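In what follows, a single structure is set out as structure tokens and then discussed.
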Amino acid sequence: MAGCTATAPRVEMTASNHRWRKAKNVCMQTLAFMCAALVILPLLLVLFHLLSQGASSINWAFFTQLPKPVGEVGGGMANAIAGTFILISLASLLGVPVGVLGGIFLSEYTHRRLNRWIRFTADVVNGVPSITWGMVVYGLVVVPMKGFSTLAGALVLGLMMIPLIMRTTEEVLQLVPAGYREAALALGIAQWRMILQIVVRTAMKGVVTGVLLALARVAGETAPLLFTAFGNAYWTHRLTEPIAALPLQIFNYAISPYDDWHRQAWAGALILIFLVSAINLGVRALTRDRFSRTAPQILMPGHHVATEVQPPHGTAG
Amino acid sequence: MDRSDAGRFGDRAFKGLTLVMALSVFVLIVLIGFELARGSSTAIRQFGWRFLISSDWDPVNEKFGALPFIFGTLVSSAIGLVIAVPLSIATAVYLTELAPQWLRQPLTLFIELLAAVPSVIFGLWGIFVMVPWLSGNLFPQLQRFLGRLPWFQGPIYGPSLLAGGIIVAIMILPMITSVSREILRSVPGLQREAAYALGATRWEVTRIAVLSYARRGLFGAVILGLGRALGETMAVTMVIGNSPQIVKSLFAPGYTLASVVANEFSEATTDTYLSALFEIGLVLLGVTVLVNALAQVLLKTFAGPGVKPQN
């Protein structure tokens, strides 16, 4: 056909091969559909097996009791569940302020070249394998303190949260219309108060969403905790003691040779995936009714965030 | 005027504060490099370049070489990419170009949830469901039909390089799919319309107007997936068999850089042993940082503001 220039890939679009082209079209569409089905198959299988293997081991004791020693049946993961919550709470003490304030800088103060480098570095740091984070904190905290500790575990998760939160915060703040900023400044408010009271407040839901997704992500991390938090069969009372965490416990039970521990690993995995998916789906539901489009996607790399923001209530005064 | 002075001070203080926080990412990357280099200094001094090309891993006699782990990491990542790349790009094409509108949202949501599943859960599933199935069904079939190739010969163990590669594929599928989907979505509609106007079928539009336009970005998505595959730890550790050897058969157990650290780090008894593990971490860091930086450059130069890659 005349439309195919020399530079474009050549396709013969003549009437004579029309049927062949149609057939090829149907073939490729079917193939793409089958690929998509194959991609979601593992998730369906994992969910199915988690439910069928894990559900039967979940009972009251699982949430309230400590692990039993080898050979004794029963016991639970109470300390590991609590440990995960303690670790991510402590981690957010570091990750949230640093990440959010850094994100504010990236979005609100424009030093083009500097910002580009910060962004690039944050993305690269995000790609550092989680196991190497564990080694870094081992050298930084565990060796000087002469022991695995809650502190080290919380620190490693907190450090991992920083670049994640920084990038999502930046993205949601940039969605606040420039007019809001200009209007506030025109009223004579100082820039820093404008940023906190107008920009951040307007985009608050987006910021919170980003933080929650970062929490969900680090809550499932195992590798960096192996030689920082280390795990603990008992309750932890001090920040300098090792602490149990749900993913660690799942790993240790899964590679053990005992059937009862395997059952508990499945149950723990079911709880963990429930936690992570609940945050993910919850955040999405939360943002769907008020924001017209999608929430920030920190678990999904490369997503273009297109969150519409709500005007703040009563910030004009 | 008092108030405006106060405001100016506040402005400067706040800007300074946020700047320091933003600069923390530089501190992080330097910190990571420094700690790993410090930890591995003993091993670097003792083994030099031989560390990278020696295949001895004998902690008892203090002989350390990283080659079996480099081999295992490369092979499992390569298998992962070979499986995941065509599948995830096809899925991205399906999601953006071919799927009926009502199906796009739920499918995308599913794939996003798949990406959020922690690695250890895939490992658990891998040990108890996938590996038994592979060694009972898929591997014997592969051996029957492809047994003439050296990769598919030899005894079938459950945990193996191939099992590790397959779990890596499952883990990077959602990531490559969603980045690719984002890239395909940023291809201008005019591009498609022009091809349709020439009478192209849907598949021809996808191939001529969409895929060739997005080639660079898709390559970036693949490299991003590679970065993730190289550093994947828990799931691989649980199914690869953890045996430091270099063999032809994909049915034989292997070991990766990340999993040797995960398994042996807290049991390393001597300083040299620990230092060798630190050096393995340093190798892993170097490779993943390079790969990720390349991916970021590819993705950022592809389409500008529409695509914001994060890992």
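Those protein sequences? They're chains F and A, same order as listed.
In this text, residue positions in the first sequence follow my numbering: the first is 1, and each later residue adds one.
In this text, residue positions in the second sequence follow my numbering: the first is 1001, and each later residue adds one.
The C-beta atom is built at its ideal place from N, Cα and C for all residues, glycine as well.
Since this is a predicted model, take the numbers as computed values, not measurements.
Residues of its chain near residue i, where Cβ-Cβ distance is below 7 Å and the 5 sequence neighbours each way are ignored
i: I1223(A); result: V1291, L1294, A1295, L1298
i: W1057(A); result: F1064, G1065, P1068, P1244
is_contact[residue i, chain F] using C-beta, thresh 8 Å
i: E1264(A); result: no
i: N1137(A); result: no
i: I1172(A); result: no
i: Q1296(A); result: yes
i: W1057(A); result: no
i: T1269(A); result: no
i: T1018(A); result: yes
C-alpha gap between residue i and residue j, whole angstroms
i: A203(F); j: A1209(A); result: 37 Å
i: P69(F); j: A61(F); result: 15 Å
i: W266(F); j: L1173(A); result: 23 Å
i: I1127(A); j: I1079(A); result: 18 Å
i: I1111(A); j: L1098(A); result: 17 Å
i: R113(F); j: T1288(A); result: 24 Å
i: G74(F); j: T1237(A); result: 27 Å
i: S1040(A); j: F1265(A); result: 13 Å
i: V199(F); j: K205(F); result: 12 Å
i: T132(F); j: E1232(A); result: 11 Å
i: I58(F); j: R263(F); result: 9 Å
i: T209(F); j: S1249(A); result: 46 Å
i: G1154(A); j: L1138(A); result: 15 Å
i: A1262(A); j: G1010(A); result: 47 Å
i: A154(F); j: L87(F); result: 5 Å
i: F1047(A); j: L1036(A); result: 16 Å
i: A245(F); j: L215(F); result: 14 Å
i: R1216(A); j: I1183(A); result: 10 Å
i: L1134(A); j: D260(F); result: 24 Å
i: F148(F); j: G231(F); result: 9 Å
i: W1049(A); j: W1125(A); result: 38 Å
i: F1278(A); j: T1042(A); result: 10 Å
i: V128(F); j: E182(F); result: 39 Å
i: E221(F); j: T1270(A); result: 27 Å
i: L1285(A); j: G1033(A); result: 8 Å
i: I1166(A); j: L1114(A); result: 15 Å
i: V1283(A); j: V1247(A); result: 22 Å
i: F120(F); j: V1030(A); result: 14 Å
Residue i classed as buried or exposed, judged by whether at least 16 other C-beta atoms fall within 10 angstroms
i: P296(F); result: The predicted position of P296(F) is uncertain, since its pLDDT is 47 and thus under 50; a value taken from the coordinates is nonetheless stated next. The residue is buried, with at least 16 neighbouring Cβ atoms inside 10 Å.
i: G1072(A); result: buried
i: R167(F); result: buried
i: T1301(A); result: exposed
i: S56(F); result: exposed
i: C27(F); result: exposed
i: V1312(A); result: No answer is possible for residue 1312(A): it lies beyond the span of chain A, which begins at 1001 and ends at 1311.
i: R1008(A); result: exposed
i: F274(F); result: exposed
i: T110(F); result: exposed
i: M145(F); result: exposed
Three-state secondary structure assigned by DSSP to residue i
i: P1305(A); result: Residue placement at P1305(A) cannot be trusted, given a pLDDT of 41 that sits under 50; the coordinates are not used to answer.
i: P1253(A); result: coil
i: A1295(A); result: helix
i: K1300(A); result: helix
i: G54(F); result: helix
i: G75(F); result: strand
i: K1015(A); result: helix
i: F227(F); result: coil
i: W1057(A); result: strand
is_contact[residue i, chain A] using C-beta, thresh 8 Å
i: Y180(F); result: no
i: R19(F); result: no
i: N280(F); result: yes
i: S130(F); result: yes
i: N79(F); result: no
i: Q65(F); result: no
i: Y109(F); result: yes
i: L158(F); result: Reading off the sequence shown, one finds Gly at residue 158(F), where the question assumed Leu. With 8 Å as the cut-off, G158(F) does not count as an interface residue toward chain A.
i: W60(F); result: no
i: S277(F); result: yes
i: V141(F); result: no
i: F85(F); result: no
i: Q197(F); result: no
6 Å CB neighbourhood of residue i in its chain, flanking five on each side removed
i: L239(F); result: T150, L151
i: V1120(A); result: M1234
i: G1164(A); result: S1076, V1236, V1239, I1240
i: F227(F); result: G134, Y138
i: D108(F); result: First, the residue type needs correcting, since residue 108(F) is Glu and not Asp in the sequence shown. Result list for E108(F): I195, in chain order.
_Residues, ordered as in the chain, of the segment 249-274 of chain F that lie near chain B by beta-carbon distance below 8 Å_ = The structure shown contains no chain B; the protein chains it does contain are F and A.
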